[in-house]
Amino acid sequence: MSTQEIGYADALSELQQILGELEAEDIDIDVLAVKVERAAELIRVCRGRINDAEVRVKEIVAGMDSEEGESSE
Amino acid sequence: MSTQEIGYADALSELQQILGELEAEDIDIDVLAVKVERAAELIRVCRGRINDAEVRVKEIVAGMDSEEGESSE
Amino acid sequence: MSTQEIGYADALSELQQILGELEAEDIDIDVLAVKVERAAELIRVCRGRINDAEVRVKEIVAGMDSEEGESSE
Amino acid sequence: MSTQEIGYADALSELQQILGELEAEDIDIDVLAVKVERAAELIRVCRGRINDAEVRVKEIVAGMDSEEGESSE
Amino acid sequence: MSTQEIGYADALSELQQILGELEAEDIDIDVLAVKVERAAELIRVCRGRINDAEVRVKEIVAGMDSEEGESSE
Amino acid sequence: MSTQEIGYADALSELQQILGELEAEDIDIDVLAVKVERAAELIRVCRGRINDAEVRVKEIVAGMDSEEGESSE
Amino acid sequence: MSLFDSADPGAVAGPATFTVAELAERIKQVLGDAFGDELWVEGEIRNLSRARSGHMYFDLVEPDPSNGAGKQPEASISVALFRFNRERVEDTLRRHGGMAMEDGMKVRIQGKLDFWPPGGRLQIYMSGIDPNFTLGELEAERLRLLEKLRDEGLLAKNQAVPFPVAPLSIGLVTSQGSAAHHDFHNELENSGLAWDVVLADTPVQGVDAPPLIAAAIAAVGRAGVDVIAVVRGGGARTDLVAFDSEVVARAVADAPVPVVTGVGHEIDRTIIDEVAHEAQKTPTAAAVFIVGAARAHLEATELAWEAIAEWAQRIANDADRRLATVSQTTARAAEGHLHRASSRLEGRAGRVRDLAETRTRSETRKVDDCAGTMRHRALSAIAEGRRTLEQKKSGVAGQAMRTPRAAAKELANLESRVRLLDPRKILARGWSITRHSGKVVRDPAALAAGDELVTTVAEGELHSTVSERQ
Chain A
388 MSTQEIGYAD ALSELQQILG ELEAEDIDID VLAVKVERAA ELIRVCRGRI NDAEVRVKEI
448 VAGMDSEEGE SSE
Chain B
388 MSTQEIGYAD ALSELQQILG ELEAEDIDID VLAVKVERAA ELIRVCRGRI NDAEVRVKEI
448 VAGMDSEEGE SSE
Chain C
388 MSTQEIGYAD ALSELQQILG ELEAEDIDID VLAVKVERAA ELIRVCRGRI NDAEVRVKEI
448 VAGMDSEEGE SSE
Chain D
388 MSTQEIGYAD ALSELQQILG ELEAEDIDID VLAVKVERAA ELIRVCRGRI NDAEVRVKEI
448 VAGMDSEEGE SSE
Chain E
388 MSTQEIGYAD ALSELQQILG ELEAEDIDID VLAVKVERAA ELIRVCRGRI NDAEVRVKEI
448 VAGMDSEEGE SSE
Chain F
388 MSTQEIGYAD ALSELQQILG ELEAEDIDID VLAVKVERAA ELIRVCRGRI NDAEVRVKEI
448 VAGMDSEEGE SSE
Chain G
2 MSLFDSADPG AVAGPATFTV AELAERIKQV LGDAFGDELW VEGEIRNLSR ARSGHMYFDL
62 VEPDPSNGAG KQPEASISVA LFRFNRERVE DTLRRHGGMA MEDGMKVRIQ GKLDFWPPGG
122 RLQIYMSGID PNFTLGELEA ERLRLLEKLR DEGLLAKNQA VPFPVAPLSI GLVTSQGSAA
182 HHDFHNELEN SGLAWDVVLA DTPVQGVDAP PLIAAAIAAV GRAGVDVIAV VRGGGARTDL
242 VAFDSEVVAR AVADAPVPVV TGVGHEIDRT IIDEVAHEAQ KTPTAAAVFI VGAARAHLEA
302 TELAWEAIAE WAQRIANDAD RRLATVSQTT ARAAEGHLHR ASSRLEGRAG RVRDLAETRT
362 RSETRKVDDC AGTMRHRALS AIAEGRRTLE QKKSGVAGQA MRTPRAAAKE LANLESRVRL
422 LDPRKILARG WSITRHSGKV VRDPAALAAG DELVTTVAEG ELHSTVSERQ
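Residue numbers (my numbering), protein chains in the order written: chain A, 388 to 460; chain B, 388 to 460; chain C, 388 to 460; chain D, 388 to 460; chain E, 388 to 460; chain F, 388 to 460; chain G, 2 to 471.
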């Protein structure tokens, strides 16, 4: 799946799977860099999603707070 | 359900459900902002309803108090 | 029941019931103003019933009744 | 198989096999040097692969870490 | 077979055979010297092969170690 | 056969045969002397061969040892 | 004794003939003989009247046992209480529980039975009264009635009727225009509440009062009032006797709405008080009670309203607060999630890095181990080859040296055997060989004397001839 389209949950799940593979002793060193690269890409995706969500949540929360302030005045 | 039509009880119930989901550990980050946004909208609706009810109650009470004042004079 | 026809006792009882409903924590805000309005109407009825200072006296000729009673014996 | 084309896993596996052969009591001295030479080549291949992987992983990780720094700022 | 061409394994095998013959009681005294001489030649051949192998192994190992040193620097 | 050309094994075999004849009871005393004479000759031949072999062996062995000493130096 | 057993002496045979005056005189005389000057009679007062002169007249009757009001009594006698006795009698009664003579009262009276000639009437001239009889009779009657009512379950019947929430419609049973009526009405008016009074006017004392009171109670009950008030002002104990009557008690018990009584003074307690829903001591007290009940409910209504208003405000406030909490919780939960997700992700990133580094390190170690093992094993194999070769060499050398030695030894053995057979060795010891014609001589018989013999000894030959044969 392209990282453009992948959902956070799927990205996290794939990342977890890669971690599992890295933890298994018998990973081929030839595959290691490929896996790490994929993991890095997934981490980048997840970070982007978290940042987006954080910005969005902060906006919403700021909006809620200002409304509360108005209504309680 | 559109927030235009939703009742206070339903809004509060949905809000509680969203809160429950937010408090559960495994919410998808992609879903988080959507949920928070919906929660904010529901809170706005509920606040509007409360304000309406409060204004209405104050009017009624003020009206009754003035009547009582007149009748006991 | 229409407030036109409601008795004082029923009005008080309904008032108490409304109070009970309000005391129960989970009343719907949408219903609140409606309940308070109904309470206001009931209290207006009760006040109307009780606050008229003139004593109206209707006389009964007990003797007639007793005679009537005798004749029917 | 030419060492140009051999995979890390295959190289390591062949190396292990050669090591096993070297352990046998009756190894032909004439074969010994050939085997040792092959083993040395395989070791060189493996080292090269490991170095490549390490360099790549370090680059990727450095990239990830710098992104983390940015995103957490 | 000329000792020029003989392999280490064959040389060792022939030597073993000569030793067996020497150990048999009834060896012809006329043949003895010939056999011993052949044994001496075989031993010389083997020794040469071993020395060659040792030199080669040491060279290879030295080469590996220097590579290792470089790569680990 | 001239003792010049006779092999050690043949010499020893003839010697054994002569000894068998001599030890038979009925040998003529004249023949006896001739046979003894032949036996003595054969013994001389054999002894010479043995000595030759021994000298040769010692030389070869000494050579082997000295080579070993050189190579292990 | 008979009225007629002492006939006038002047009379002719047969029944004597009296003038009316004579007869009256004779009756008085007989009565005097028969009853003396004083007697006690007990009965019930009826038709009591007070003359302008101050005298009092009534009938003392023995009521019909069926006890029907207005029925013909079983027996009756007229009683006259003249003014000079009346004051004393009334004083006695007043001193005993405030009683006064009235119709329906049971009395035990003292007096003289006499005939009043002008009226042609037998009557008792009352001189005294036993107040304790009346009191006891009243009490006994009361107790009997209470017992009866209790047995029928009537004492608690009206009390079982629920008191209305707002008793604004009152059925008032009293004597219209009486002080009790005024007191009661004033109290209602002063309350300032909207009362609806249905008034049932009834006499509250006298022999006819009980059925009328009972009828009045029933009538207001039918009129659909919230509550019935039965009130009467204070008076003599015997004035309240109507309220001890059974018919009134039954009317109260059967009333469809609660009955509040206010009969008499503070100390008075009548049967009706026992049967009523609420017994107040005076008419005013009864009114106060009803007003209080209505006001209590009015207050309850107002309190309920206040509470409702307060609760409504509180609910709105609580909802607002709760919403603020929900909003905060939502924000916190979302931020917590993001924080946790971020730290979890960074943990994983770190783990990826660590695992990759661990992996390359461990592979490096593995390959290094291989290299070390390889070197060790190669050198071992070389050393082993050397050792093997050295063993072989030693074996070859040992075996090669052993063979000539063994051959030399065997040869020496053969030589020694050959040496033993050498004839020269035998000759050297002194043995000789004798030949005849080249043949070895073994048997002397084969020789004849003179034969030429050659004898070989160690150092040469001897030639001889056989000289003799033995």
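Cβ coordinates follow ideal geometry from the N, Cα and C atoms, glycine included.
Rounded straight-line distance, which links the Cα of residue j to that of residue i
{"i": "B/Lys397", "j": "C/Ile416", "result": "The sequence shown places Asp at residue 397 of chain B, rather than the Lys named in the question. So the alpha carbons of these two residues sit roughly 11 Å apart."}
{"i": "A/Ile393", "j": "A/Leu419", "result": "22 Å"}
{"i": "G/Leu156", "j": "B/Asn438", "result": "57 Å"}
{"i": "B/Glu454", "j": "G/Glu300", "result": "16 Å"}
{"i": "G/Ala161", "j": "G/Val231", "result": "18 Å"}
{"i": "G/Ser179", "j": "G/Val292", "result": "20 Å"}
{"i": "A/Val442", "j": "G/Leu346", "result": "17 Å"}
{"i": "G/Arg443", "j": "E/Leu406", "result": "56 Å"}
{"i": "G/Leu123", "j": "G/Gln111", "result": "15 Å"}
{"i": "A/Leu399", "j": "G/Thr330", "result": "26 Å"}
{"i": "G/Ala413", "j": "G/Arg436", "result": "33 Å"}
{"i": "F/Ile414", "j": "G/Leu463", "result": "24 Å"}
{"i": "G/Ala195", "j": "G/Leu169", "result": "7 Å"}
{"i": "G/Ala256", "j": "G/Gly193", "result": "27 Å"}
{"i": "D/Lys422", "j": "A/Lys422", "result": "33 Å"}
{"i": "D/Glu424", "j": "D/Leu402", "result": "11 Å"}
{"i": "G/Asp115", "j": "G/Ile78", "result": "11 Å"}
{"i": "C/Val432", "j": "G/Thr302", "result": "11 Å"}
Proximal residues of chain D, C-beta to C-beta of residue i below 7 Å
{"i": "G/Gly386", "result": "Ile416"}
Proximal chain G residues relative to residue i, where beta-carbon distance stays under 9 Å
{"i": "F/Val423", "result": "Val419, Arg420, Leu422, Asp423, Pro424 and Arg425"}
8 Å Cβ cut-off: residues of chain E touching residue i
{"i": "F/Val444", "result": "Leu419, Ala420 and Val423"}
Min CB distance residue i to chain D below 9 Å
{"i": "E/Ala396", "result": "yes"}
{"i": "G/Ala342", "result": "no"}
{"i": "E/Met451", "result": "yes"}
Endpoints, the alpha helix (DSSP H) within which residue i is located
{"i": "G/Trp312", "result": "Pro284 to Leu422"}
{"i": "G/Glu462", "result": "Segment Gly461 to Thr466 is the beta strand (DSSP E) holding G/Glu462; no alpha helix (DSSP H) there."}
Cutoff 9 Å: residue i Cβ touching any chain E Cβ
{"i": "F/Ala426", "result": "no"}
{"i": "G/Ala372", "result": "yes"}
Cβ of residue i within 9 Å of any chain G Cβ
{"i": "E/Ile430", "result": "yes"}
{"i": "D/Ile437", "result": "yes"}
{"i": "B/Glu410", "result": "yes"}
Short CB-CB distance (under 9 Å) between residue i and chain B
{"i": "G/His1", "result": "Examination of residue 1 of chain G is not possible in this model, given that chain G is present from 2 through 471 alone."}
{"i": "G/Ala196", "result": "Residue 196 of chain G is actually Trp in this sequence, not Ala. With 9 Å as the cut-off, G/Trp196 does not count as an interface residue toward chain B."}
Chain-ordered neighbours of residue i on chain C, where CB pairs are closer than 7 Å
{"i": "B/Ala440", "result": "Ile416, Leu419 and Ala420"}
Continuous beta strand (DSSP E) stretch holding residue i: start and end
{"i": "G/Arg53", "result": "No beta strand (DSSP E) holds G/Arg53; DSSP gives it neither H nor E."}
{"i": "G/Arg95", "result": "Taken as a continuous stretch (DSSP letters only), G/Arg95 belongs to no beta strand (DSSP E), being part of the alpha helix (DSSP H) at Arg84 to Arg96."}
{"i": "G/His278", "result": "Looking at the DSSP string, G/His278 is not in any beta strand (DSSP E), and its letter there is neither H nor E."}
{"i": "G/Leu200", "result": "Asp197 to Asp202"}
Residue-chain proximity (residue i, chain A), Cβ-Cβ < 9 Å
{"i": "G/Arg352", "result": "yes"}
{"i": "G/Ser381", "result": "no"}
{"i": "G/Ser192", "result": "no"}
Residue-level contact to chain C via CB, residue i, 9 Å cutoff
{"i": "B/Gly407", "result": "no"}
{"i": "G/Thr302", "result": "yes"}
9 Å Cβ cut-off: residues of chain E touching residue i
{"i": "F/Ile447", "result": "Ala420, Val423, Glu424, Ala426 and Ala427"}
Contact set between residue i and chain A, taken where Cβ atoms lie within less than 9 Å
{"i": "D/Glu454", "result": "Ala427, Ile430, Arg431 and Arg434"}
Residues that residue i contacts on chain G, provided the C-beta gap is smaller than 8 Å
{"i": "E/Gln403", "result": "Lys393"}
Residue i: contacting residues in chain F (beta-carbon distance under 7 Å)
{"i": "G/Glu416", "result": "Ile430"}
9 Å Cβ cut-off: residues of chain F touching residue i
{"i": "G/Met402", "result": "Glu441, Val444, Lys445 and Val448"}
C-beta neighbour in chain F for residue i, strict 9 Å
{"i": "G/Ser468", "result": "no"}
Closer than 7 Å at the beta carbon, the chain B residues around residue i
{"i": "G/Val327", "result": "Leu402, Leu406 and Ile430"}
With contact counted as at least three CB pairs below 8 Å, one residue from each stretch, are the stretch 259 to 278 of chain G and the stretch 230 to 244 of chain G in contact? yes
Does the contact criterion of 3 or more C-beta pairs under 8 Å hold for the stretch 399 to 413 of chain E versus the stretch 387 to 400 of chain G? yes
With three or more beta-carbon pairs closer than 8 Å as the criterion, would you say the stretch 296 to 314 of chain G touches the stretch 248 to 260 of chain G? no
Does the count of Cβ pairs from the stretch 46 to 54 of chain G and the stretch 212 to 230 of chain G closer than 8 Å reach three? no
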